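**Student:**
Numbering (this note's numbering), first residue to last: 21 to 354.
#1: Name the one or two DSSP bridge partners that residue 173 has.
#2: May I ask which residues mark the beginning and end of the alpha helix (DSSP H) holding residue 131?
#3: Can you give me the Cβ contacts of residue 176 inside the same chain, cut-off strictly under 6 Å, excluding the 5 residues immediately before and after it?
#4: Look at the alpha carbon of residue 157 and the alpha carbon of residue 49, and state the distance between them as a whole number of angstroms.
#5: At the level of alpha carbons, what is the spacing between residue 101 and residue 75?
#6: Is it buried or exposed for residue 164, if we count other Cβ within 10 angstroms and need 16 for buried?
#7: Kindly identify the DSSP beta-bridge partner or partners of residue 81.
#8: Strictly by DSSP, which residues pair up with residue 99?
#9: Count the other CB atoms, across all protein chains shown, that sit within 10 Å of the CB of residue 32; report buried if there are 16 or more and exposed otherwise.
#10: What separation, rounded to the nearest whole angstrom, lies between the Cα atoms of residue 198 and residue 146?
#11: Please state whether the Cβ-Cβ distance between residue 172 and residue 202 is less than 8 Å.
#12: When the Cα of residue 73 is compared with those of 169, 55 and 141, which residue comes out closest?
#13: Hey, quick one: how far does the alpha helix (DSSP H) through residue 47 stretch, first residue to last?
#14: Can you look up residue 181 in the DSSP assignment and give me helix, strand or coil?
#15: Specify, as a first and last residue, the run of the alpha helix (DSSP H) that residue 218 falls within.
#16: Rounding to the nearest angstrom, what Cα-Cα distance links residue 80 and residue 117 in this structure?
#17: Please report the Cβ distance between residue 210 and residue 143, rounded to the nearest whole angstrom; I am assuming they are in contact, meaning their Cβ atoms lie under 8 Å.
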């Protein structure tokens with residue numbers, strides 16, 4: 021190889037090694053598909069909007085027929101609004117004195133906020149790392165929070181849509197609109213997470229798990245491999261200790277054991293027949309000979325060589341340790 025070719029090949033290997041290191045060092049957020057990234061961007065906005073509507077008392081206004089008194093209703097507070105300064109006066113909490121339908125809506129909203137905050141936490145934990153764990157917790161928490169939030173918001177809307185007194189005027193305010201918007205965005209984020217997060221491979225044995233780890237390591241380096249499971253053949257395991265290295269003046273070194281697994285050879289059934297030789301003439305001396313003739317010869321047995329690859333010089337020199345071994349099937353002929 022010319023010096024230029026050597027330099028070019030070394031540069032190519034160095035570049036491939038750098039690309040592999042850069043791929044491994046990237047966070048999982050940089051490896052996600054675009055739909056997943058859109059869901060990551062929508063989830064905090066949905067949680068923030070839902071939280072803002074959750075704590076604000078401006079869900080709807082209820083005015084009397086004369087318009088002199090305006091009551092501001094929220095999820096947790098009911099206040100009277102001053103008509104001149106538009107400030108809230110004489111507020112009462114609805115935690116203890118709430119009606120049954122309002123208690124149900126409060127429970128749904130609290131559960132929705134809890135699951136949305138958990139989804140935000142797991143969005144950080146699952147994506148700010150270098151190794152994918154194939155978890156479904158993010159879309160599970162986001163979906164649960166979105167369902168609780170949707171049922172709570174629209175349940176409040178349907179239960180307060182018709183005023184109890186026909187003379188009252190009911191107007192929904194900005195906090196309720198932000199709460200519903202956050203609920204809808206949470207549903208969209210959960211759908212994006214569920215459709216853009218690939219399912220983990222189903223493995224049933226430790227051997228397949230080790231193979232999958234090896235495949236994933238090569239896939240990150242740019243190679244495309246497929247995980248397959250062939251049917252297990254009948255195997256026999258033969259293990260032989262090659263032996264120690266000849267003693268040196270200073271120390272002994274142990275030669276590692278090499279283990280080879282070969283398939284069991286099919287042994288064909290052998291049939292035998294006995295042929296008795298008769299004398300050719302009546303005057304010849306009686307002499308009986310028995311000859312055993314095989315009808316069908318067995319197939320040649322496999323050759324299993326056990327060797328130490330690091331001690332080829334011992335094979336060539338003809339020493340006892342490290343010699344190839346011929347393994348033949350043993351037949352018991354009766």
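Each residue gets a CB set at the ideal place from its N, CA and C atoms; glycine is no exception. Here the structure is a predicted model, which is why all the values come from computation and not from measurement.
**Tutor:** Taking the geometry as given:
#1: Locating residue 173 in the chain shown gives position 153, where the first residue counts as 1. Partner(s): none; residue 173 has no beta bridge.
#2: Sequence index remark: in the chain shown, residue 131 carries index 111 (1-based). First-last of the alpha helix (DSSP H) with residue 131: 120-147.
#3: For the purposes of this step, residue 176 is identified with residue 156 of the chain shown, where counting begins at 1. Result list for residue 176: 125, in chain order.
#4: Here the question's residue 157 lines up with position 137 in the chain shown. Here the question's residue 49 lines up with position 29 in the chain shown. If I take the Cα positions, the gap works out to 16 Å.
#5: Within the chain shown, the letter at position 81 stands for residue 101. Within the chain shown, the letter at position 55 stands for residue 75. Approximately 18 Å, taken between the alpha carbons.
#6: In the chain shown, counting from the first residue as 1, residue 164 sits at position 144. It counts as buried.
#7: Numbered from its first residue, the chain shown carries residue 81 at position 61. For residue 81, which the question treats as bridged, DSSP gives the partners 92 and 191.
#8: In the chain shown, the residue the question calls residue 99 occupies position 79. Bridge partners of residue 99: 92.
#9: On the chain shown, residue 32 is found 12 positions in, with the first residue counted as 1. Flag for residue 32 reads exposed.
#10: In the chain shown, residue 198 corresponds to position 178, counting from 1. In the chain shown, residue 146 corresponds to position 126, counting from 1. Whole-angstrom Cα-Cα distance: 28 Å.
#11: Counted from its first residue, the chain shown places residue 172 at position 152. Counted from its first residue, the chain shown places residue 202 at position 182. No, these two residues do not count as a Cβ contact at 8 Å.
#12: Residue mapping note: residue 73 aligns to position 53 of the chain shown, counting from 1. The residue among 169, 55 and 141 with its C-alpha nearest the C-alpha of residue 73 is 169.
#13: Looking up residue 47 in the chain shown gives position 27. Looking at the DSSP string, residue 47 is not in any alpha helix (DSSP H), and its letter there is neither H nor E.
#14: Within the chain shown, residue 181 is the residue found at index 161, counting from 1. Correct three-state label for residue 181: coil.
#15: Taking the chain shown and counting its residues from 1, one reaches residue 218 at position 198. Looking at the DSSP string, residue 218 is not in any alpha helix (DSSP H), and its letter there is neither H nor E.
#16: In the chain shown, residue 80 corresponds to position 60, counting from 1. In the chain shown, residue 117 corresponds to position 97, counting from 1. Looking at the two C-alpha atoms, the distance is approximately 18 Å.
#17: What you label residue 210 is simply residue 190 of the chain shown in a count that begins at 1. What you label residue 143 is simply residue 123 of the chain shown in a count that begins at 1. Not a contact, Cβ separation roughly 12 Å.
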